[in-house]
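Chains as they are written, first to last, in UniProt numbering: chain C, 1 to 221; chain E, 1 to 221.
Glycine residues also receive a C-beta, built at the ideal position from the N, C-alpha and C atoms.
Note sheet for the following structure.
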């Protein structure tokens, strides 16, 4: 039996993508078990695999872990991507929570009814340029280092890169006013594990297309 | 100058209440600054106190911490309420995240339109009794210990007690099918720091009422 983590989710980004990013950044190979139908989810529920009857679920180190944040915390802690002490962890947590709010705003706009979608996306992208990206541009400017926290790669850097790429997919010039974030993006993308994840054929999932949404919703509703 | 943590929020539970609980459980005295007007919030944003222009804000150990989860993780870590190793932390995180999903329903409830309130209350009851409480009833039954994780008081116990009491305020008989949780509630409520927090005159805030809803709408919208 493989010792690799096994990810249970649908074949889409959703709430699993940040976990794929972090495992990849840590250089950890993993397997994926994709839910295709509602029955697949029901089976997982009935065999007691899902603590709160929800996915994502990651089998790792003998545990069946659920709750995205819990899973990310565990991976970050295990693979030394969580800072060196409580105060670095506090900074990392603050930054990551902010970015997750932004990702969520962008992601959920795609699931809004058609007449609200554009407006919600515009609001989310506005928050990117006015609320979130200025913070990280300033963090990088103030300490002049390559990584957000503690002069070392952490989950905050991985999350920031993921967030930047998600925002750019919606608005390609979104980093126009953020030269340091542009530099950060280039540097971080070139880190070997991350570079590998950004190549075709990696476990990285493409953006969810509108036409795929009904099939995904059918699994959960 | 006081070294106590300083909590900045509106005078009500909202997103700050779990933080009040955790500090109280850890036996940490704190100060509070209550916002009543939008101007006060805008001033805080202008003077750069709020990393992502949002509350809660907790001034602690020289940091201006934002993002509820980051603040809670820091307090839990600092006051040894976060388990003894990565695996205990993983369990605590899973439990806390699940309970937080339930608490989120309660957080939003006062702001739902009157015609939706009955349905929302039914959803809360359903989730509590079918998804969340059974999990913790089983955890306690299986290990037979007083605390959820590691036979030791942790953040998970505090969060579960807060949730039980919050749901009971709306659905008084909600624990009727859960003898382990009833015993848990009694035991944890009687721990000295918790008992003190549950007494009148403590920093614990009352259930949200119309005045609270009006203040939130004024300050945040």
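Contacts of residue i in chain E (Cβ-Cβ under 7 Å)
{"i": "residue 90(C)", "result": "63, 65, 70, 74"}
{"i": "residue 70(C)", "result": "90, 93, 94, 97"}
{"i": "residue 97(C)", "result": "67, 69, 70"}
{"i": "residue 78(C)", "result": "86"}
{"i": "residue 66(C)", "result": "94"}
{"i": "residue 63(C)", "result": "90"}
{"i": "residue 135(C)", "result": "51, 52"}
{"i": "residue 103(C)", "result": "Near residue 103(C) there are no residues of chain E at all, since even the closest Cβ is about 13 Å away, more than 7 Å."}
{"i": "residue 190(C)", "result": "Those do not exist, as residue 190(C) stays about 28 Å from chain E at its closest Cβ, beyond 7 Å."}
{"i": "residue 115(C)", "result": "Within 7 Å Cβ-Cβ: nothing; residue 115(C) doesn't reach chain E, min ~20 Å."}
{"i": "residue 43(C)", "result": "Neighbours of residue 43(C) on chain E: none; closest Cβ ~18 Å, over 7 Å."}
Beta-carbon neighbours of residue i, restricted to chain E and to distances below 8 Å
{"i": "residue 53(C)", "result": "131"}
{"i": "residue 93(C)", "result": "67, 69, 70, 73, 74"}
{"i": "residue 9(C)", "result": "Result: empty, since nearest Cβ-Cβ is about 16 Å, beyond 8 Å."}
Simplified DSSP state of residue i, which is helix, strand or coil
{"i": "residue 55(C)", "result": "coil"}
{"i": "residue 6(E)", "result": "strand"}
{"i": "residue 3(C)", "result": "coil"}
{"i": "residue 28(C)", "result": "coil"}
{"i": "residue 1(E)", "result": "Caution applies to residue 1(E), whose pLDDT of 48 falls short of 50 and renders its modelled position unreliable; the model cannot decide the point."}
{"i": "residue 191(E)", "result": "coil"}
{"i": "residue 95(E)", "result": "helix"}
{"i": "residue 210(C)", "result": "helix"}
{"i": "residue 30(E)", "result": "coil"}
{"i": "residue 148(E)", "result": "coil"}
{"i": "residue 212(E)", "result": "helix"}
{"i": "residue 9(C)", "result": "strand"}
{"i": "residue 58(E)", "result": "strand"}
{"i": "residue 165(C)", "result": "helix"}
{"i": "residue 35(E)", "result": "strand"}
{"i": "residue 84(C)", "result": "coil"}
{"i": "residue 64(C)", "result": "strand"}
{"i": "residue 149(C)", "result": "coil"}
{"i": "residue 181(C)", "result": "helix"}
{"i": "residue 141(E)", "result": "helix"}
{"i": "residue 153(E)", "result": "coil"}
{"i": "residue 34(C)", "result": "strand"}
{"i": "residue 84(E)", "result": "coil"}
{"i": "residue 65(E)", "result": "strand"}
{"i": "residue 193(C)", "result": "helix"}
{"i": "residue 111(C)", "result": "coil"}
{"i": "residue 18(C)", "result": "helix"}
Proximity of residue i and residue j at Cβ, strictly below 9 Å
{"i": "residue 83(C)", "j": "residue 18(C)", "result": "no"}
{"i": "residue 180(E)", "j": "residue 137(E)", "result": "yes"}
{"i": "residue 132(E)", "j": "residue 83(E)", "result": "no"}
{"i": "residue 13(E)", "j": "residue 197(E)", "result": "no"}
{"i": "residue 147(C)", "j": "residue 178(C)", "result": "no"}
{"i": "residue 60(E)", "j": "residue 76(E)", "result": "no"}
{"i": "residue 124(C)", "j": "residue 102(C)", "result": "yes"}
{"i": "residue 96(E)", "j": "residue 121(E)", "result": "no"}
{"i": "residue 131(C)", "j": "residue 53(E)", "result": "yes"}
{"i": "residue 70(E)", "j": "residue 191(E)", "result": "no"}
{"i": "residue 63(E)", "j": "residue 171(C)", "result": "no"}
{"i": "residue 30(E)", "j": "residue 11(E)", "result": "no"}
{"i": "residue 25(C)", "j": "residue 81(C)", "result": "yes"}
{"i": "residue 74(E)", "j": "residue 65(E)", "result": "yes"}
{"i": "residue 36(E)", "j": "residue 204(E)", "result": "no"}
{"i": "residue 30(C)", "j": "residue 56(C)", "result": "no"}
9 Å Cβ cut-off: residues of chain E touching residue i
{"i": "residue 4(C)", "result": "Within 9 Å Cβ-Cβ: nothing; residue 4(C) doesn't reach chain E, min ~18 Å."}
{"i": "residue 131(C)", "result": "52, 53, 54"}
{"i": "residue 111(C)", "result": "Those within 9 Å of residue 111(C) in chain E number zero; the least Cβ separation is about 18 Å."}
{"i": "residue 47(C)", "result": "None at all; the shortest Cβ gap to chain E is about 15 Å."}
Chain-ordered neighbours of residue i on chain A, where CB pairs are closer than 7 Å
{"i": "residue 135(E)", "result": "No chain A is present in this structure, whose protein chains are C and E."}
Residue i: contacting residues in chain C (beta-carbon distance under 7 Å)
{"i": "residue 78(E)", "result": "86"}
Assumed close pair residue i, residue j - CB separation to whole angstroms, cut-off 8 Å
{"i": "residue 124(E)", "j": "residue 109(E)", "result": "7 Å"}
{"i": "residue 137(C)", "j": "residue 181(C)", "result": "5 Å"}
{"i": "residue 106(E)", "j": "residue 166(E)", "result": "5 Å"}
{"i": "residue 44(C)", "j": "residue 50(C)", "result": "5 Å"}
{"i": "residue 65(C)", "j": "residue 79(C)", "result": "With 8 Å as the limit, residue 65(C) and residue 79(C) do not qualify as a contact, their Cβ atoms being about 15 Å apart."}
{"i": "residue 185(C)", "j": "residue 161(C)", "result": "6 Å"}
{"i": "residue 146(E)", "j": "residue 187(E)", "result": "6 Å"}
{"i": "residue 223(E)", "j": "residue 102(E)", "result": "This structure cannot speak to residue 223(E), because chain E is shown only from 1 to 221."}
{"i": "residue 50(E)", "j": "residue 42(E)", "result": "10 Å between Cβ atoms; not a contact."}
Tell me, please, whether the segment 200–213 of chain C touches the segment 167–185 of chain E by the rule of three or more beta-carbon pairs shorter than 8 Å. no
Would you be able to state if there are at least three C-beta pairs under 8 Å between the segment 23–40 of chain C and the segment 4–15 of chain C? yes
Taking one C-beta from the segment 132–147 of chain C and one from the segment 63–83 of chain C each time, how about it: are there three or more such pairs within less than 8 Å? no
Decide yes or no for the touch test of the segment 192–201 of chain C against the segment 20–35 of chain C: beta carbon pairs closer than 8 Å, at least 3 of them. yes
Is the segment 90–104 of chain C in contact with the segment 110–123 of chain E, if contact means three or more CB pairs nearer than 8 Å? no
Does the contact criterion of 3 or more C-beta pairs under 8 Å hold for the segment 51–59 of chain E versus the segment 4–18 of chain E? yes
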